[in-house]
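Residues are numbered in our numbering as their position in the sequence shown, beginning at 1, plus a constant of 226.
C-beta atoms are modelled at their ideal positions from N, C-alpha and C, and glycine is treated no differently.
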Amino acid sequence: MPTLEPRWYQRAAIDKTNEWLAERDDNPCIVLPTGCHAKGTLILMADGSTKAVDCIRVGDLVMGPDSLPRVVLSLARGVEDMYQIAPKKGAPFIVNASHMLALRTTNEGKNYPS
227 MPTLEPRWYQ RAAIDKTNEW LAERDDNPCI VLPTGCHAKG TLILMADGST
277 KAVDCIRVGD LVMGPDSLPR VVLSLARGVE DMYQIAPKKG APFIVNASHM
327 LALRTTNEGK NYPS
């Protein structure tokens, strides 16, 4: 697996977080861009409807991974290589190379399909 070097703003966030944790007893909140979906990708909204990612606006409510609503605080736009993610369950989707994926194995081995 290739080693990834943080971008300058990621390195700055890491350094500031380490400083915070060394000096304080509470937890910081870190907000950074995490990646983009391809134009036209349908995003699940908090009300159960879907909306094309390019129609999402600041202030919209999207569905979070814990099924709670999340307010869209900012939008990221850019140009980068795109990749199709094809999960075993669910529809494939396309994201940019920098998109972060949180993955979890649920029962390893071919006798226990995830």
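Assigned secondary structure, S340 (DSSP; H/G/I helix, E/B strand, else coil)
Residue confidence for S340 is low, a pLDDT of 49 falling below 50, so the modelled location carries little weight and cannot support an answer.
Alpha carbon to alpha carbon, what distance is there between D273 and G304?
Distance between the alpha carbons of G304 and D273: 28 Å.
Buried or exposed for V284, going by 16 or more other Cβ atoms inside 10 Å?
By the Cβ-count criterion, V284 is exposed, with fewer than 16 other Cβ atoms from all chains shown falling within 10 Å of its own Cβ.
Could you give the first and the last residue of the continuous alpha helix (DSSP H) run that contains L247?
For L247, the enclosing alpha helix (DSSP H) covers residues 234-249.
Between the alpha carbons of S275 and L299, how many angstroms are there, rounded?
Rounded to the nearest whole angstrom, the C-alpha separation of S275 and L299 is 19 Å.
So, using beta-carbon positions, are I320 and A278 closer together than 8 Å?
In this structure, the beta-carbon distance from I320 to A278 does not fall below 8 Å.
Alpha-carbon to alpha-carbon, P291 and S340
Because S340 carries a pLDDT of 49, less than 50, the predicted location of this residue cannot be relied on, and the following value inherits that uncertainty. Straight-line spacing of the CA atoms in S340 and P291 works out to 18 Å.
Quick check on C255: buried or exposed, where buried means 16 or more other Cβ atoms within 10 Å of its Cβ?
Exposed, by the Cβ-count rule.
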